[in-house]
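FYI, my numbering numbers position 135 of the sequence shown as 137, with every residue one higher than the one before it.
Even for Gly, the Cβ is constructed at its ideal location relative to N, Cα and C.
Owing to the predicted nature of the structure, the values given are computational and were not obtained by experimental measurement.
Here is the structure we will look at.
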Amino acid sequence: MTHRERFEAVFRKRKPDKPPWDPRIDHWFRMNRKWGTIPKRYEGLTLQGLHKELDAGIRIYLGPYVRYREGSGIEEKTWQEGELIITETKTPKGTLRSARRLTEDSSYIVEFPIKDISDFEIMEYVLRNQEYGFNEEVIKEVEREYGDTLGSIFFCYGHTPVQRLILDYMGFEEAHYALYDHPKETERFLKAIEETDDPFFELAERVPIEQINFGDHIHDWLISPSIFKKWHLPYYQRRNEQLHKAGKFTHCHVDGDAKLLLPLFKDSGFDALEALTPLPQGPWTVRELKDVLGDEIILMDGIPATAFLPFTPVEELRRTVSEILELFWPSGNLVLGISDELPPGGDIERVRMISEMIEKEV
């Protein structure tokens with residue numbers, strides 16, 4: 003069995019003769035239950051029960067736990083001030099402070115921990131004193147909870163070094179100023195991030211989970227093709243080679259307007275790309291996605307989230323799904339889903355409709 007055939011077998015274990023259909027409706031379920039707006043026919047169901055009712059699979063994203071090495075001298079405190087969640091990390095090298103603003107269902111960064119390149123040394127100390135672990139009992143708990151609705155379990159990696167600099171550590175403007183105004187110091191720090199990622203990937207090789215997901219969130223407005231070629235591509239290639247040798251299947255959560263960058267992924271080594279979004283929400287037609295991915299890279303998802311909102315005609319959704327099935331399923335490189343997930347205001351009956359379409363059209 004080839005590497006790709008093994009990958010497909012993982013996803014098709016629920017229905018071997020049908021394309022996997024994992025729509026990611028957990029956020030919809032959580033928010034509508036909170037608001038008391040679950041449709042009457044689904045009231046009282048668990049998330050597992052809802053997936054079973056809709057004849058859909060569920061993806062579970064798991065990650066490692068992180069702790070600081072004993073004797074490192076790192077002290078981390080988190081507290082809330084109004085709508086802000088503030089984190090302060092004290093180290094022998096200095097202190098980092100960050101803040102997130104709470105929303106109704108999540109949070110976003112309003113103060114990044116690295117203010118300028120003088121903070122690189124502090125963050126590097128933090129990274130070099132992190133230890134990764136994983137509780138394998140969680141896998142058994144997930145399997146018991148979701149049973150035959152379980153589509154896949156992913157072991158998740160966060161952002162690659164440059165993405166982390168932009169999205170987690172400095173923000174877009176400061177990260178790019180650092181890259182261009184202080185290239186020597188910034189590149190040294192990025193290399194330190196790469197080195198301190200090694201323990202994570204060594205753990206990923208060992209965990210009894212077959213699929214490794216890179217949650218990178220790639221967007222043309224964040225990074226240029228030249229940055230992608232210099233930093234992202236070699237890193238993807240290195241880690242994918244490492245993980246493939248360990249028998250793992252890999253995919254990247256793109257989830258952004260990456261029309262300029264998508265062709266470069268052909269050399270990345272990923273088996274699949276997750277959360278690619280066609281028009282009108284994303285920048286591609288379905289045909290353009292097929293032309294770029296070919297038969298080599300598996301498409302995960304592909305249905306725009308906007309297609310589930312009331313303002314989108316149902317027939318438009320039907321046409322999109324039919325086109326995806328027609329172009330991707332004959333070669334088998336498809337895991338059908340919503341890019342990125344069902345919106346809280348989305349119509350859950352459209353999920354049922356797609357389940358029925360798969361049964362009839364495939």
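By a C-beta neighbour count over all protein chains shown, 10 Å radius and 16 as the cutoff for buried, is residue i buried or exposed?
| i | result |
| --- | --- |
| SER226 | exposed |
| TYR67 | exposed |
| ARG240 | exposed |
| SER120 | exposed |
| THR97 | exposed |
| GLN82 | exposed |
| PRO236 | exposed |
| ARG61 | buried |
| TRP37 | exposed |
| VAL288 | buried |
| PRO332 | exposed |
| ASN137 | exposed |
| VAL353 | buried |
Taking the C-alpha atoms as reference points, what is the distance between residue i and residue j?
| i | j | result |
| --- | --- | --- |
| GLY334 | TYR127 | 46 Å |
| ARG103 | ILE87 | 6 Å |
| GLY46 | ILE40 | 9 Å |
| PRO21 | PRO265 | 24 Å |
| ALA248 | GLY217 | 20 Å |
| ILE27 | LEU344 | 5 Å |
| VAL294 | PRO315 | 28 Å |
| THR322 | LEU329 | 11 Å |
| PRO75 | THR198 | Here residue 75 is Gly; the residue named in the question, Pro, does not match the sequence. GLY75 and THR198: Cα-Cα distance of roughly 18 Å. |
| ASP170 | TYR182 | 19 Å |
| PHE313 | PRO346 | 14 Å |
| TYR179 | LEU56 | 48 Å |
| LYS268 | ILE214 | 18 Å |
| GLU113 | GLU358 | 46 Å |
| ASP401 | ILE211 | The displayed coordinates of the chain run from 3 to 364. Any statement about residue 401 would go beyond what the structure contains. |
| ILE229 | GLY173 | 16 Å |
| PRO282 | THR308 | 8 Å |
| GLY73 | TYR238 | 33 Å |
| LEU64 | GLU204 | 16 Å |
Out of the options, state which residue places its alpha-carbon closest to the alpha-carbon of residue i.
| i | options | result |
| --- | --- | --- |
| PHE31 | GLU361, SER357 and GLU351 | GLU351 |
| LEU275 | ASP297, GLN283 and PRO282 | ASP297 |
| ILE168 | ASP28, GLU290, TRP223 and LEU319 | TRP223 |
| LYS95 | PHE122, LYS79 and VAL112 | PHE122 |
| GLY339 | LYS54, GLY153 and THR48 | GLY153 |
| THR91 | GLU85, GLY84 and SER100 | SER100 |
| MET33 | GLY59, ASP19, ASP107 and GLU85 | ASP107 |
| ASP24 | ALA277, MET172, GLU72 and GLY284 | ALA277 |
Checking the sheet assignment: what are the DSSP bridge partners for residue i?
| i | result |
| --- | --- |
| TYR63 | PHE156 |
| LYS79 | GLU90 |
| HIS253 | ASN215 and ALA274 |
| ARG208 | Paired residue(s): none; ARG208 is not in a bridge. |
| TYR110 | ARG103 |
| SER341 | PRO306 |
| TRP331 | None, per the DSSP bridge assignment. |
| VAL68 | TYR134 |
| TRP286 | PRO280 |
> Is the region 188-197 touching the region 159-167 in the sense that three or more CB pairs, one from each, lie closer than 8 Å?
Replying inline: Short answer: they touch.
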